[in-house]
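Quick note, the sequences are listed as chains L and S, same order.
Just so we're aligned, residue 8 is where the first sequence starts under our numbering, counting upward by one.
Just so we're aligned, residue 8 is where the second sequence starts under our numbering, counting upward by one.
For every residue, glycine included, the Cβ atom is placed at its ideal position computed from N, Cα and C.
To start, the structure under review is shown below, and the notes come after it.
There are 2 protein chains.
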Amino acid sequence: MAAIHSISTVEAARRKLHEFLGERVSIAQSVREHHSHGEDTHPPALPDLVCFPHSTEEVSRIARVSAEHGLPIVPFGAGTSLEGHVQALRGGISIDMREMNRVLRISADDMDATVEAGVTRKQLQKALENTGLTFFIDPGADATLGGMAATRASGTTAVKYGTMRENVLGLTVVLADGRAIQTGTRARKSSAGYDLTRLFVGSEGTLGIITEVTLRLHAQPEAVTAAICAFESIEDAVKTVIEAIQLGVSVARIEFMDEHQVDAVNRYSHTGLKVKPTLLFEFHGVSQRAVEEAATMAQELAAEHGGLGFEWRTTLAEREELWKARHDVYYATRALRPGSRVLTTDVCVPISRLAECIVETRVELDQASFPAVMVGHVGDGNFHVQCLLDESQLGEAAEFSERLVERAQAMGGTCSGEHGIGLGKKKYLEHEHGAGVDVMRAIKRTLDPENRMNPGKVLDI
Amino acid sequence: MAAIHSISTVEAARRKLHEFLGERVSIAQSVREHHSHGEDTHPPALPDLVCFPHSTEEVSRIARVSAEHGLPIVPFGAGTSLEGHVQALRGGISIDMREMNRVLRISADDMDATVEAGVTRKQLQKALENTGLTFFIDPGADATLGGMAATRASGTTAVKYGTMRENVLGLTVVLADGRAIQTGTRARKSSAGYDLTRLFVGSEGTLGIITEVTLRLHAQPEAVTAAICAFESIEDAVKTVIEAIQLGVSVARIEFMDEHQVDAVNRYSHTGLKVKPTLLFEFHGVSQRAVEEAATMAQELAAEHGGLGFEWRTTLAEREELWKARHDVYYATRALRPGSRVLTTDVCVPISRLAECIVETRVELDQASFPAVMVGHVGDGNFHVQCLLDESQLGEAAEFSERLVERAQAMGGTCSGEHGIGLGKKKYLEHEHGAGVDVMRAIKRTLDPENRMNPGKVLDI
Numbered sequence: 008m009a010a011i012h013s014i015s016t017v018e019a020a021r022r023k024l025h026e027f028l029g030e031r032v033s034i035a036q037s038v039r040e041h042h043s044h045g046e047d048t049h050p051p052a053l054p055d056l057v058c059f060p061h062s063t064e065e066v067s068r069i070a071r072v073s074a075e076h077g078l079p080i081v082p083f084g085a086g087t088s089l090e091g092h093v094q095a096l097r098g099g100i101s102i103d104m105r106e107m108n109r110v111l112r113i114s115a116d117d118m119d120a121t122v123e124a125g126v127t128r129k130q131l132q133k134a135l136e137n138t139g140l141t142f143f144i145d146p147g148a149d150a151t152l153g154g155m156a157a158t159r160a161s162g163t164t165a166v167k168y169g170t171m172r173e174n175v176l177g178l179t180v181v182l183a184d185g186r187a188i189q190t191g192t193r194a195r196k197s198s199a200g201y202d203l204t205r206l207f208v209g210s211e212g213t214l215g216i217i218t219e220v221t222l223r224l225h226a227q228p229e230a231v232t233a234a235i236c237a238f239e240s241i242e243d244a245v246k247t248v249i250e251a252i253q254l255g256v257s258v259a260r261i262e263f264m265d266e267h268q269v270d271a272v273n274r275y276s277h278t279g280l281k282v283k284p285t286l287l288f289e290f291h292g293v294s295q296r297a298v299e300e301a302a303t304m305a306q307e308l309a310a311e312h313g314g315l316g317f318e319w320r321t322t323l324a325e326r327e328e329l330w331k332a333r334h335d336v337y338y339a340t341r342a343l344r345p346g347s348r349v350l351t352t353d354v355c356v357p358i359s360r361l362a363e364c365i366v367e368t369r370v371e372l373d374q375a376s377f378p379a380v381m382v383g384h385v386g387d388g389n390f391h392v393q394c395l396l397d398e399s400q401l402g403e404a405a406e407f408s409e410r411l412v413e414r415a416q417a418m419g420g421t422c423s424g425e426h427g428i429g430l431g432k433k434k435y436l437e438h439e440h441g442a443g444v445d446v447m448r449a450i451k452r453t454l455d456p457e458n459r460m461n462p463g464k465v466l467d468i
Numbered sequence: 008m009a010a011i012h013s014i015s016t017v018e019a020a021r022r023k024l025h026e027f028l029g030e031r032v033s034i035a036q037s038v039r040e041h042h043s044h045g046e047d048t049h050p051p052a053l054p055d056l057v058c059f060p061h062s063t064e065e066v067s068r069i070a071r072v073s074a075e076h077g078l079p080i081v082p083f084g085a086g087t088s089l090e091g092h093v094q095a096l097r098g099g100i101s102i103d104m105r106e107m108n109r110v111l112r113i114s115a116d117d118m119d120a121t122v123e124a125g126v127t128r129k130q131l132q133k134a135l136e137n138t139g140l141t142f143f144i145d146p147g148a149d150a151t152l153g154g155m156a157a158t159r160a161s162g163t164t165a166v167k168y169g170t171m172r173e174n175v176l177g178l179t180v181v182l183a184d185g186r187a188i189q190t191g192t193r194a195r196k197s198s199a200g201y202d203l204t205r206l207f208v209g210s211e212g213t214l215g216i217i218t219e220v221t222l223r224l225h226a227q228p229e230a231v232t233a234a235i236c237a238f239e240s241i242e243d244a245v246k247t248v249i250e251a252i253q254l255g256v257s258v259a260r261i262e263f264m265d266e267h268q269v270d271a272v273n274r275y276s277h278t279g280l281k282v283k284p285t286l287l288f289e290f291h292g293v294s295q296r297a298v299e300e301a302a303t304m305a306q307e308l309a310a311e312h313g314g315l316g317f318e319w320r321t322t323l324a325e326r327e328e329l330w331k332a333r334h335d336v337y338y339a340t341r342a343l344r345p346g347s348r349v350l351t352t353d354v355c356v357p358i359s360r361l362a363e364c365i366v367e368t369r370v371e372l373d374q375a376s377f378p379a380v381m382v383g384h385v386g387d388g389n390f391h392v393q394c395l396l397d398e399s400q401l402g403e404a405a406e407f408s409e410r411l412v413e414r415a416q417a418m419g420g421t422c423s424g425e426h427g428i429g430l431g432k433k434k435y436l437e438h439e440h441g442a443g444v445d446v447m448r449a450i451k452r453t454l455d456p457e458n459r460m461n462p463g464k465v466l467d468i
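Structure, rendered in structure tokens:
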């Protein structure tokens with residue numbers, strides 16, 4: 008991509024940044040390239056500079072340098088975006104948050120924690136060892152908590168524990184002009200003023216840079232059990248899910264894999280599962296009796312829908328094997344066709360339309376020239392398609408993806424359940440929110456009048 | 008309050024409104040007086056006109072008349088605000104939403120419903136009869152769903168089911184210029200764009216007028232049980248709560264009443280309860296066994312903290328009696344001193360500080376010249392104080408209330424857990440959110456540049 012900012016502008020900014028960051032500002036080509044893309048199929052776009060701040064104060068100072076020199080800012084976490092969030096479309100400064108990686112506070116009594124934005128999910132889990140507490144949101148990748156907040160991430164446990172929307176209590180955010188604000192309090196609920204926390208959660212770095220996140224934690228469940236069940240058809244599997252949700256069966260996870268996904272998992276993780284549409288369940292409760300009761304209810308529902316044997320996974324080792332296999336689907340899928348480009352989509356529909364949406368999508372995929380698998384957090388109505396492509400198939404896959412979004416939106420759903428809009432789904436936002444996008448745009452212009460904060464993402468102003 | 012708008016302006020607006028509302032626009036003194044206050048202690052402030060729209064389109068047209076004539080708009084629901092939300096501080100148009108009271112759609116499959124903003128909680132409950140579904144949020148009053156969304160209301164069941172923040176899936180909102188927008192989708196989760204739903208939930212009519220609300224519903228629990236337990240001290244009661252929450256005991260309600268509140272309830276509802284700090288519990292589950300297990304765990308915790316007999320309330324009749332008594336605390340308290348003014352406060356703190364906060368507050372109340380009772384949704388860290396006052400005690404109570412807010416904020420809590428800011432708590436917002444209030448103000452100015460939307464509430468611009 009051609010340089011947008013002159014060498015002298017970039018050099019002047021670099022000198023200013025060097026004053027307080029020292030060697031933690033880089034213009035090295037390899038560093039810029041590393042910060043030019045996520046795990047998506049969009050073309051890379053290099054920043055002019057990459058900074059590695061250690062504090063909110065340093066982020067504020069970087070924002071002031073950005074303002075002074077008219078350079079955009081693109082926050083960068085673990086680089087696992089699937090929608091082109093971190094491409095520096097207009098150059099400028101990539102702020103790599105991974106050195107802001109301190110767990111600042113864990114309160115066992117209040118079951119909350121405050122972390123710097125660069126702390127990753129696994130790092131937080133490690134810090135929570137021996138506290139009896141856990142943080143359940145797991146988007147698959149070992150993403151940073153700041154990135155997860157910025158994209159309103161979720162994952163397999165959202166059906167019970169919610170998404171980042173429900174699990175962020177407060178934020179520290181640096182605004183375009185360098186001011187830092189705190190949103191929220193440590194109270195579990197509040198009616199005090201506009202909900203700025205929820206405004207910044209999911210704003211993808213376009214309204215401000217999240218530097219600290221206060222998270223709600225959950226008690227480690229006293230008892231856990233899991234199960235897996237194959238079905239003859241996608242409809243049977245999804246109908247089991249719908250009934251379980253409607254009956255209030257307390258599932259902590261309820262995940263779907265189509266037969267192609269199961270096949271990929273078998274090859275990669277040597278799991279020997281039936282190559283059929285399959286549901287994976289997990290149940291959390293205060294006692295073994297409670298989780299067995301919930302699992303038994305799910306078992307009965309599965310049986311009513313022709314489930315091909317409901318296999319309990321009661322030991323920790325069995326459960327870990329099951330969820331490791333589920334967790335690795337992304338890699339399992341890639342291994343089906345090594346070296347291919349992977350387009351990963353993400354829609355979410357009202358649960359009453361889920362079976363229809365998944366079946367129609369599978370029918371279409373069966374006619375595509377590329378292999379594709381489906382996997383979903385079906386308790387939420389959310390599912391993904393991974394398409395394995397060579398360069399010549401990118402266009403066909405893009406058209407498929409567009410039809411999938413249109414199908415989901417026509418069913419009252421959303422163009423993104425958890426991956427975000429980024430660069431890839433801007434065109435769908437208008438259709439989904441209509442005049443609401445004008446309101447989003449007005450807010451963007453107010454908080455970032457110079458359009459320096461991750462410009463070109465979520466919406467164009 | 009002196010007229011702010013000239014007679015000719017008001018008359019010109021009235022004629023315009025009459026064109027499409029007919030007799031559903033009123034300038035009658037009695038109607039204006041009815042719309043000049045809620046259930047708070049703030050001075051009434053009369054609107055110039057009161058409108059009773061029947062559709063979002065009519066609300067849009069009212070907003071355009073407001074814009075044309077420079078008249079403020081104050082949305083009015085059931086008139087049960089406790090913080091001066093509905094006072095027409097600068098005159099203008101009170102929009103009474105109660106004739107927009109259609110339940111537009113109930114989806115049993117998706118467990119959601121869309122209602123017009125004037126539908127009340129009880130009306131929705133009635134519409135849900137025989138669906139197997141329910142809506143749990145109950146702020147005590149039979150408020151409108153629009154009003155509950157606007158104040159981010161909650162109530163006794165928030166500890167399990169969340170507040171309006173978690174239970175509103177989407178809104179129809181009329182903006183200051185008359186444009187109507189839809190926020191959210193019917194998908195359970197979404198990462199598509201800024202979270203406008205959460206921005207309008209809790210904005211108290213200052214950013215737009217909520218005309219329709221899409222709500223998340225819950226399955227009626229298969230099994231329910233309840234219990235009541237008195238304690239020798241406030242600390243013992245609150246510590247039981249804290250441990251229950253920390254252990255993940257699945258409570259649907261966990262309510263605290265201090266001994267003065269219990270005494271008021273006994274007199275009003277003839278309940279014969281021990282006049283001691285008391286907890287009320289409710290447990291929801293998929294089976295009798297599940298709820299009994301949770302209740303037994305709570306019973307054991309209560310016993311460890313010296314609970315004075317944990318009385319199960321297993322039959323529907325027993326439970327209804329219990330919760331009716333809890334529900335009527337506001338009236339029970341008023342009856343302690345008939346004719347008095349009632350100041351009701353509302354703070355929320357991290358649960359680790361709850362015992363300390365309640366005890367310090369009780370100590371202070373014991374020295375006050377007015378009677379006061381305490382009641383709380385303690386599982387959330389949220390509690391209320393009701394002060395029974397004569398006119399001469401309003402100042403003393405205001406000072407008490409100020410110290411209570413300062414105490415809660417110093418503990419990392421919030422100046423309002425569920426009643427909102429309105430007119431009464433504006434001064435605390437700055438202290439709680441600091442520079443965040445500048446961001447709120449910027450958003451307010453962007454969406455309502457003429458400050459016509461419920462002016463003088465939440466924040467001054």
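Buried or exposed by the 16-neighbour rule on C-beta atoms within 10 Å, applied to residue i
i: L:R21; result: buried
i: L:P50; result: exposed
i: S:Q36; result: exposed
i: L:E219; result: buried
i: S:L286; result: buried
i: S:Q94; result: buried
i: L:P357; result: buried
i: L:G383; result: buried
i: S:T221; result: buried
i: S:V370; result: exposed
i: S:S73; result: buried
i: S:Y338; result: exposed
i: S:H267; result: buried
Close-in-space but distant-in-sequence residues of the same chain around residue i (CB under 8 Å, 5 per side omitted)
i: L:N461; result: P79, I80, V81, P82, H92, E211, G212, T213
i: L:T453; result: none
Cβ of residue i within 8 Å of any chain S Cβ
i: L:V93; result: no
i: L:K196; result: yes
i: L:I261; result: no
i: L:N389; result: yes
Interface partners of residue i on chain L, CB under 7 Å
i: S:L254; result: A226
Beta carbon proximity, residue i to chain L, threshold 8 Å
i: S:V356; result: yes
i: S:A9; result: For S:A9, the predicted structure reports a pLDDT of 47, less than 50, and the residue's modelled location is therefore unreliable. The matter cannot be settled from this model.
i: S:V446; result: yes
i: S:V269; result: no
i: S:L205; result: According to the sequence shown, residue 205 of chain S is Arg rather than Leu. S:R205 counts as touching chain L.
i: S:N137; result: no
i: S:D243; result: no
i: S:D117; result: yes
Other residues of its chain near residue i: CB distance less than 7 Å, five sequence neighbours each side excluded
i: L:G386; result: V166, V248, I252, V258, I261
Chain S contact residues for residue i, given Cβ-Cβ distances below 8 Å
i: L:I216; result: Neighbours of L:I216 on chain S: none; closest Cβ ~14 Å, over 8 Å.
Interface residues of chain L facing residue i [CB-CB closer than 9 Å]
i: S:V208; result: D202, R205
Nonlocal neighbours in the same chain, by C-beta distance under 6 Å from residue i, ignoring five residues either side
i: S:I450; result: none
- Item | Secondary structure, alpha helix (DSSP H): runs of 4+ residues fully inside the stretch 306–364 of chain L | Taking only runs of at least 4 residues, the alpha helix (DSSP H) segments lying wholly in the stretch 306–364 of chain L are 323–334, 336–343.
- Message: At 4 residues or longer, what runs of the alpha helix (DSSP H) sit wholly inside the stretch 354–413 of chain S?
- Response: DSSP runs (the alpha helix (DSSP H)) wholly in the stretch 354–413 of chain S: 361–373.
- Counting only runs of 3+ residues fully inside the stretch 193–240 of chain L, write out the beta strand (DSSP E) ranges in chain order. Runs of the beta strand (DSSP E) lying entirely within the stretch 193–240 of chain L and spanning at least 3 residues, in chain order: 216–223, 230–237.
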